[in-house]
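Step one of this worksheet: look at the structure below.
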Amino acid sequence: LIIGSYRDDEVHDKSHPLTRCLHGINAQNNQIISSIPLQNLDLKTVNDYIADLLNVTADKTIGLAEIVHKKTYGNIFAVIHFLKNIEDEGILWYCIGILRWKWNADEIQSKTSVTDNVADMLKLKINKKLSVEER
3 LIIGSYRDDE VHDKSHPLTR CLHGINAQNN QIISSIPLQN LDLKTVNDYI ADLLNVTADK
63 TIGLAEIVHK KTYGNIFAVI HFLKNIEDEG ILWYCIGILR WKWNADEIQS KTSVTDNVAD
123 MLKLKINKKL SVEER
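For this note's numbering, count along the sequence shown from 1 and bump the result up by 2.
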């Protein structure tokens, strides 16, 4: 059993190494290769995820979910990293006084960006943590 994942938009021609490898495995061993395509999450699912994560009802997080969904297109990896980034930046925080999460929707909307390329997203995160000399 081999499980792998890839983005369809990055593996779209017959000359791609992964495509050649999969065809080779199939031809050589007469093995069946199954694919399970996964789509980006819809707004409701992103909202349910955020509500579960922040331990509140979905009606409380719909505004935040709309921003997150718009900026990440529902890509779950991007959603997770986006939420972590806004927490790191202090615009999503846990308020001990009221024992619940709070966020600044205007600041999230205006001051944050997201990229389709996960490598770019991680690079931005690393660069934020490194001093100028370390880069």
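All C-beta atoms, glycine included, are put in the ideal place defined by N, C-alpha and C.
- Assignment of LYS16 by DSSP, reduced to helix, strand and coil, places it in the coil class.
- Non-local C-beta neighbours of GLY92 in its own chain, meaning closer than 7 Å and more than five positions away in sequence, are absent.
- ALA29 has its alpha-carbon roughly 47 Å from the corresponding atom of LYS130.
- The C-alpha of ILE27 is placed about 14 Å away from the C-alpha of LYS16.
- For VAL58 against ARG102, the beta-carbon gap comes to about 6 Å, under 8 Å, which counts as contact.
- Just so you know, the alpha carbons of ILE128 and GLN41 end up roughly 28 Å apart.
- In chain order, LEU45 place their CB closer than 7 Å to the CB of GLU68, counting only its own chain and leaving out the 5 sequence neighbours on each side.
- For LEU94, the enclosing beta strand (DSSP E) starts and ends at 94–97.
- Counting of Cβ neighbours within 10 angstroms places TRP105 among the buried residues, the total reaching 16 or more.
- If you look at GLN111, you'll find it in the alpha helix (DSSP H) that goes 107–113.
- Of ILE4, THR21 and ASP61, the smallest CA-CA separation from GLU12 is found for THR21.
- ALA107 and ILE82 have their C-alpha atoms roughly 17 Å apart.
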